[in-house]
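S.K.: Last residue of the sequence shown: 135 in the UniProt record's numbering, with the numbers rising by one and none dropped.
A single structure is presented below for examination.
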Amino acid sequence: MLAAMDGPAESVSKPPVLRTVLATPVLLTVKPDVVPKSSILTKREHGLIHAVGAVSSHHDVGFTPYFDENIKALKAPIPLTIFNNDWKKRAIKAHITFRHVKSAEAERAYKGLAYASEWTQTHSDWTINHRNFYL
Numbered sequence: 001m002l003a004a005m006d007g008p009a010e011s012v013s014k015p016p017v018l019r020t021v022l023a024t025p026v027l028l029t030v031k032p033d034v035v036p037k038s039s040i041l042t043k044r045e046h047g048l049i050h051a052v053g054a055v056s057s058h059h060d061v062g063f064t065p066y067f068d069e070n071i072k073a074l075k076a077p078i079p080l081t082i083f084n085n086d087w088k089k090r091a092i093k094a095h096i097t098f099r100h101v102k103s104a105e106a107e108r109a110y111k112g113l114a115y116a117s118e119w120t121q122t123h124s125d126w127t128i129n130h131r132n133f134y135l
């Protein structure tokens, strides 16, 4: 009975704990390193450039040019709410349909789809947006 209280006589090994670095793991079908950039054939058609033979991913929804430049340069404003995937899709659609006037002053001000205030997010929205920030 004392042996049972001390624990099992044989050492039981625990399985290793496996964790992902990403908040939402994604199984990629094509690794970006596998396809060199120079091997992608591009074709211009009706003002659009198509990558012939390249496979796009629905996870790679970019930002509007204004936020893309701010993120790359780490300039403000970069609100957490722009990392919401639904908002990104709507913002890209609004950016494509909206006719932009090219001027120096227009480049500095954001004229796209309004983004929600960070203070109005629920805890779950904040968590999802924060995780998407790291992806």
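Beta carbons: idealized from backbone N, C-alpha and C, even for Gly.
Taking the C-alpha atoms as reference points, what is the distance between Asn-129 and Val-52?
M.R.: Whole-angstrom Cα-Cα distance: 33 Å.
S.K.: Taking the alpha-carbon positions, what's the Gly-62 to Glu-118 distance?
M.R.: When rounded, the distance between both Cα atoms is 20 Å.
S.K.: May I ask you to list the residues that DSSP assigns as paired with Ile-49?
M.R.: Partner(s): Arg-44.
S.K.: Alpha carbons only, please: which of Lys-88, Lys-14, His-123, Leu-74 is nearest the one belonging to Tyr-115?
M.R.: For the residues Lys-88, Lys-14, His-123, Leu-74, the minimum Cα distance to Tyr-115 belongs to Lys-88.
S.K.: In three-state DSSP terms, what is Leu-135?
M.R.: Coil at Leu-135, not helix or strand.
S.K.: Compute the Euclidean distance between the alpha carbons of Thr-64 and Leu-113, then round it to the nearest angstrom.
M.R.: Roughly 10 Å separates the two Cα atoms.
S.K.: Where does the unbroken alpha helix (DSSP H) through Glu-69 begin, and where does it stop?
M.R.: Unbroken alpha helix (DSSP H) run through Glu-69: 65-73.
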